[in-house]
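Peer 1: Count the sequence shown with the UniProt record's numbering and you get residues 1 to 496, in order.
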Amino acid sequence: MNVATSTGVIELHELQSILQERSHRKAVQRAVEVVAHLVPSCSVMLLRISPQGKLRIEAWANIAASIIHSTERSFDREGLPRKLADIVHTKKPVIIEDFRSMADWREPVPSTTSWAGFPILLRGRVIAIVNVQAIEQRIGPEVVTVIEPVVSTIALLILRYEEARELAVRNQQMSILYEMAVAGAQATDEQGLQVKIDHVLERIGRILGYAHVVVFVHDPRREMLVLKASRGREIGHAGMEMDVHGRKGVTVRAFLSSKPVLVRDTRMCAEFIEGLWPALSELAIPLLVGGSCVGVLNLESPMVAAFTHSDIRLLTPFASGLALLIDNQQKTKQLREQATRDGLTGFFNRRMMDEMVPAEIQRAARYHRDMSLAMLDLDGFKAVNDNLGHEEGDRLLRVFAGCIRKIARASDLVFRYGGDEFLLLLPETTREQAEVLLKRLTDFLCPELITMLGRVTFSTGIANYVSDSSAEDLVKLADDRLYESKRLGKGHITSH
Numbered sequence: 001m002n003v004a005t006s007t008g009v010i011e012l013h014e015l016q017s018i019l020q021e022r023s024h025r026k027a028v029q030r031a032v033e034v035v036a037h038l039v040p041s042c043s044v045m046l047l048r049i050s051p052q053g054k055l056r057i058e059a060w061a062n063i064a065a066s067i068i069h070s071t072e073r074s075f076d077r078e079g080l081p082r083k084l085a086d087i088v089h090t091k092k093p094v095i096i097e098d099f100r101s102m103a104d105w106r107e108p109v110p111s112t113t114s115w116a117g118f119p120i121l122l123r124g125r126v127i128a129i130v131n132v133q134a135i136e137q138r139i140g141p142e143v144v145t146v147i148e149p150v151v152s153t154i155a156l157l158i159l160r161y162e163e164a165r166e167l168a169v170r171n172q173q174m175s176i177l178y179e180m181a182v183a184g185a186q187a188t189d190e191q192g193l194q195v196k197i198d199h200v201l202e203r204i205g206r207i208l209g210y211a212h213v214v215v216f217v218h219d220p221r222r223e224m225l226v227l228k229a230s231r232g233r234e235i236g237h238a239g240m241e242m243d244v245h246g247r248k249g250v251t252v253r254a255f256l257s258s259k260p261v262l263v264r265d266t267r268m269c270a271e272f273i274e275g276l277w278p279a280l281s282e283l284a285i286p287l288l289v290g291g292s293c294v295g296v297l298n299l300e301s302p303m304v305a306a307f308t309h310s311d312i313r314l315l316t317p318f319a320s321g322l323a324l325l326i327d328n329q330q331k332t333k334q335l336r337e338q339a340t341r342d343g344l345t346g347f348f349n350r351r352m353m354d355e356m357v358p359a360e361i362q363r364a365a366r367y368h369r370d371m372s373l374a375m376l377d378l379d380g381f382k383a384v385n386d387n388l389g390h391e392e393g394d395r396l397l398r399v400f401a402g403c404i405r406k407i408a409r410a411s412d413l414v415f416r417y418g419g420d421e422f423l424l425l426l427p428e429t430t431r432e433q434a435e436v437l438l439k440r441l442t443d444f445l446c447p448e449l450i451t452m453l454g455r456v457t458f459s460t461g462i463a464n465y466v467s468d469s470s471a472e473d474l475v476k477l478a479d480d481r482l483y484e485s486k487r488l489g490k491g492h493i494t495s496h
């Protein structure tokens, strides 16, 4: 069976052979060449258009590769010519029989006589355009009649390829969601959480094509959004923080509103704050668990209008998975802290002291290093509780804990020994250095460390691993010296 016209002949077996090509690229290229043979002295391009409007020339015939590359750069820089944009908008073929009437075309070949553009649609969106430019012959209705079967074949090829690609992507998406579900069901520490989120972002970016993606996790204690993981350019901003009460930035707005925020052009957005990369569009999706926001998934692009509402729909399942992952880690951390820390002050509790102090003493012995223990006790605390109530007593303990926290070093360990007593474990600290540190705390007494009964002081007993090497129990020795300090009066430090 043949279809004949004044321009050429399409044989049915040619269409069949195109469909039988095993490689998608070879099949499309062969189809484009068939179109080029139908119209004398014509050039053909297949232009693929991404959801973000980015254009790529996938196949061509009768055009030099250098012209193809310059054409792609021109489209990226200046956008689509009006007639191509019309095809994307109307989703209908456009024919220009006399090319001299087309003023704004940036033609890739010289002396073009006429032109035709055929859209290829997927779910109502133009995903490709078959672009035909003739030099000698006018492209009229009779020529279009011959070209259309091949265009339909190209459309079938692309749709078949897109369906296979989407199926593969869905399978990969399900794989990511499964990984997130498994990870979310496992107890994980902070470092493990970051590794898992990094892995998820890398796979999301690679499969879905997002270059710059970051996750901010909400720290409820300090009311901060903390940068936990990123995908894209190598950056040194891990741990970067955003104050949620500052009410500045697209990310903060998404967190406070618990709704996605889509910014098509950051130059037109008063809330936009320059972030990790130069960005012209941004998408922030809140990570919600049971109506509570635990963080934000943030995407940026150097292109204007890079994101649409379809991106929100696509990313929503991943945002839910990330939210569950973060929420599980936070709850696990909270349970761990409840088991190991004092709820009032946040310091380690007595049970942890019984585990950690012997381990630190063994460490000092193994590496022949000094170590000091300081037992602290608020003077007159019982009178505060008896006369002003336990609420004021609790406030006083929290204030005193805050004072200790300000002078304690990162390597120091602080325990609530019981009641109003606290134990400081000071690694690699001599007795004299411990005395200086405690003197700093005495001089640093917070303005809030005062009640209706007057200013509150504290007493201290210090035991040292080297100086008191003969002692069987350094904690008991520090406690004994604390009571010696209290016997001497308020605010004393006893170290030997």
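Glycine included, every Cβ here is placed at the ideal spot set by N, Cα and C. As the structure is a computational prediction, the values presented were derived from the model and not from experiment.
Using the C-alpha atoms, what's the distance from leucine 453 back to valine 215?
Peer 2: The count along the sequence shown starts at 1 and reaches residue 215 at position 215. The count along the sequence shown starts at 1 and reaches residue 453 at position 453. Answer to the nearest angstrom: the Cα atoms are 49 Å apart.
Peer 1: Ignore the nearest five residues each way along the sequence and tell me which others in glycine 491's own chain have a CB closer than 6 Å to its CB.
Peer 2: Within the sequence shown, the letter at position 491 stands for residue 491. Thr457, listed in sequence order.
Peer 1: Does the pairing of the stretch 303-317 with the stretch 337-349 give three or more beta-carbon distances under 8 Å?
Peer 2: The stretch 303-317 is not in contact with the stretch 337-349.
Peer 1: What separation, rounded to the nearest whole angstrom, lies between the Cα atoms of valine 195 and glutamate 432?
Peer 2: The count along the sequence shown starts at 1 and reaches residue 195 at position 195. The count along the sequence shown starts at 1 and reaches residue 432 at position 432. Rounded to whole angstroms, valine 195 to glutamate 432 spans 42 Å at the Cα level.
Peer 1: Do you know how far the Cα of isoleucine 407 is from the Cα of leucine 437?
Peer 2: One-based indexing of the sequence shown puts residue 437 at position 437. One-based indexing of the sequence shown puts residue 407 at position 407. Roughly 7 Å between the two C-alpha positions.
Peer 1: Check whether the Cβ atoms of valine 414 and phenylalanine 307 sit closer than 9 Å, and answer yes or no.
Peer 2: Within the sequence shown, numbered from 1, the residue matching residue 414 stands at position 414. Within the sequence shown, numbered from 1, the residue matching residue 307 stands at position 307. No; because the gap between Cβ atoms is not below 9 Å, this pair is not in contact.
Peer 1: Let me confirm a value: methionine 353 is counted as buried when at least 16 other C-beta atoms fall within 10 Å, else exposed. Which label applies?
Peer 2: In the sequence shown, counting from the first residue as 1, residue 353 sits at position 353. It is buried - the Cβ of methionine 353 has at least 16 other Cβ atoms within 10 Å.
Peer 1: Would you mind stating whether tyrosine 465 and methionine 371 have Cβ atoms separated by less than 9 Å?
Peer 2: Sequence index remark: in the sequence shown, residue 465 carries index 465 (1-based). Sequence index remark: in the sequence shown, residue 371 carries index 371 (1-based). Contact check for tyrosine 465 against methionine 371 passes: the beta carbons are separated by less than 9 Å.
Peer 1: Check whether the Cβ atoms of glutamate 136 and threonine 113 lie closer than 9 Å to each other.
Peer 2: Within the sequence shown, the letter at position 136 stands for residue 136. Within the sequence shown, the letter at position 113 stands for residue 113. Cβ distance < 9 Å, so glutamate 136 and threonine 113 count as in contact.
Peer 1: Helix, strand or coil: which one does DSSP assign to proline 427?
Peer 2: Numbered from 1 along the sequence shown, position 427 holds the residue referred to as residue 427. Reduced to three states, the DSSP call for proline 427 is strand.
Peer 1: Can you tell me whether histidine 245 is helix, strand or coil according to DSSP?
Peer 2: Here residue 245 corresponds to residue number 245 of the sequence shown, with the count starting at 1. Assignment of histidine 245 by DSSP, reduced to helix, strand and coil, places it in the coil class.
Peer 1: Have a look at alanine 168 and leucine 46 and give me their C-alpha separation to the nearest angstrom.
Peer 2: Position 168 of the sequence shown holds residue 168. Position 46 of the sequence shown holds residue 46. Computed Cα separation, rounded: 24 Å.
Peer 1: Assuming alanine 116 and isoleucine 95 make a contact with CB atoms under 8 Å, what is their CB distance in whole Å?
Peer 2: Looking up residue 116 in the sequence shown gives position 116. Looking up residue 95 in the sequence shown gives position 95. 5 Å between Cβ atoms; contact.
Peer 1: Going by Cα to Cα distance, which pick from Val304, Leu423, Glu484 is closest to glutamate 78?
Peer 2: To locate residue 78, count along the sequence shown from 1; it is residue 78. That would be Val304, whose Cα lies nearest to the Cα of glutamate 78.
Peer 1: Less than 8 Å between the CB atoms is what I'm expecting for arginine 253 and serine 281, so what's the real figure, rounded?
Peer 2: Within the sequence shown, numbered from 1, the residue matching residue 253 stands at position 253. Within the sequence shown, numbered from 1, the residue matching residue 281 stands at position 281. Wrong, their Cβ atoms sit about 15 Å apart, outside the cutoff.
Peer 1: Could you compute how far the alpha carbon of alanine 478 sits from the alpha carbon of glycine 418?
Peer 2: Residue numbering aside, residue 478 sits at position 478 when the sequence shown is read from its first letter. Residue numbering aside, residue 418 sits at position 418 when the sequence shown is read from its first letter. Rounded to the nearest angstrom, the two C-alpha atoms are 14 Å apart.
Peer 1: In whole angstroms, what is the alpha-carbon distance linking histidine 390 and alanine 471?
Peer 2: Here residue 390 refers to the residue found at position 390 when the sequence shown is read from its first residue. Here residue 471 refers to the residue found at position 471 when the sequence shown is read from its first residue. Using only the alpha carbons, I get a separation of about 36 Å.
Peer 1: Scan the UniProt domain "GGDEF" (369-496) and note each continuous beta strand (DSSP E) run of 3 residues or more that stays entirely inside, going in chain order.
Peer 2: 371-378, 413-418, 421-427, 458-464
Peer 1: Look up glycine 321 in the DSSP assignment and say whether it is helix, strand or coil.
Peer 2: In the sequence shown, counting from the first residue as 1, residue 321 sits at position 321. Looking at glycine 321 - three-state DSSP - the assignment turns out to be helix.
Peer 1: How far does the beta strand (DSSP E) with methionine 224 in it reach, from first residue to last?
Peer 2: If you number the sequence shown from 1, residue 224 lands on position 224. Start and end: 224-231.
Peer 1: Only counting the same chain, and skipping five residues up and downstream in sequence, which positions put a Cβ closer than 8 Å to that of alanine 36?
Peer 2: Here residue 36 refers to the residue found at position 36 when the sequence shown is read from its first residue. Cys42, Ser43, Val44, Ala61, Asn62.
Peer 1: When you compare only the Cα positions, how much space is there between histidine 69 and threonine 332?
Peer 2: As a first step, residue 69 is located in the sequence shown; it is residue number 69 there, counting from the start. As a first step, residue 332 is located in the sequence shown; it is residue number 332 there, counting from the start. Taking the straight line from one Cα to the other gives about 54 Å.
Peer 1: Which one or two residues does DSSP pair with asparagine 131 in a beta bridge?
Peer 2: In the sequence shown, the residue the question calls residue 131 occupies position 131. Looking at the DSSP assignment, asparagine 131 forms a beta bridge with Met45, Gly117.
Peer 1: By the 10 Å Cβ neighbour count, where 16 or more other Cβ atoms means buried, how is arginine 30 classified, buried or exposed?
Peer 2: The residue you call residue 30 lines up with position 30 of the sequence shown. Buried is the call here.
Peer 1: For alanine 279 and cysteine 269, what's the separation of their Cα atoms in angstroms?
Peer 2: Walking along the sequence shown from the start, residue 279 turns up at place 279. Walking along the sequence shown from the start, residue 269 turns up at place 269. In a straight line, the C-alpha of alanine 279 is about 12 Å away from that of cysteine 269.
Peer 1: First and last residue of the alpha helix (DSSP H) that includes arginine 73?
Peer 2: As a working note, residue 73 is residue 73 in the sequence shown. Segment 65-78, the alpha helix (DSSP H) holding arginine 73.
Peer 1: Name the one or two DSSP bridge partners that proline 286 has.
Peer 2: Locating residue 286 in the sequence shown gives position 286, where the first residue counts as 1. Paired residue(s): Val296.
Peer 1: Under the three-state reduction of DSSP, which class applies to leucine 156: helix, strand or coil?
Peer 2: Here residue 156 refers to the residue found at position 156 of the sequence shown. Correct three-state label for leucine 156: helix.
Peer 1: Applying the 10 Å Cβ sphere with the 16-neighbour rule, what's the burial state of serine 292?
Peer 2: By 1-based counting over the sequence shown, the position of residue 292 is 292. Exposed.
Peer 1: Suppose you measure from the CA of histidine 199 to the CA of alanine 284; what does that come to, to the nearest Å?
Peer 2: Sequence index remark: in the sequence shown, residue 199 carries index 199 (1-based). Sequence index remark: in the sequence shown, residue 284 carries index 284 (1-based). Looking at the two C-alpha atoms, the distance is approximately 19 Å.
Peer 1: So leucine 227 and methionine 240 are supposed to be a Cβ contact under 8 Å. How far apart are they, rounded?
Peer 2: On the sequence shown, position 227 is the one that residue 227 refers to. On the sequence shown, position 240 is the one that residue 240 refers to. About 4 Å; that satisfies the 8 Å criterion.
Peer 1: At the level of alpha carbons, what is the spacing between leucine 423 and leucine 376?
Peer 2: Locating residue 423 in the sequence shown gives position 423, where the first residue counts as 1. Locating residue 376 in the sequence shown gives position 376, where the first residue counts as 1. Their backbone Cα atoms lie some 6 Å apart in a straight line.
Peer 1: Can you tell me the Cβ-Cβ gap for leucine 121 and lysine 91, rounded? I've got them flagged as a contact below 8 Å.
Peer 2: The count along the sequence shown starts at 1 and reaches residue 121 at position 121. The count along the sequence shown starts at 1 and reaches residue 91 at position 91. Right, the Cβ-Cβ distance comes to about 6 Å (below 8 Å), so this counts as a contact.
Peer 1: Quick check on DSSP: helix, strand or coil for phenylalanine 272?
Peer 2: The residue labelled residue 272 in the question sits at position 272 within the sequence shown. Of the three classes helix, strand and coil, the one that applies to phenylalanine 272 here is coil, per DSSP.
Peer 1: What are the boundary residues of the alpha helix (DSSP H) that isoleucine 361 is part of?
Peer 2: Position 361 of the sequence shown holds residue 361. Run containing isoleucine 361: 350-367, per the alpha helix (DSSP H) assignment.
Peer 1: With the cut-off set at 9 Å, would you say valine 250 and glutamate 271 are in Cβ contact?
Peer 2: On the sequence shown, residue 250 is found 250 positions in, with the first residue counted as 1. On the sequence shown, residue 271 is found 271 positions in, with the first residue counted as 1. Cβ atoms of valine 250 and glutamate 271: closer than 9 Å.
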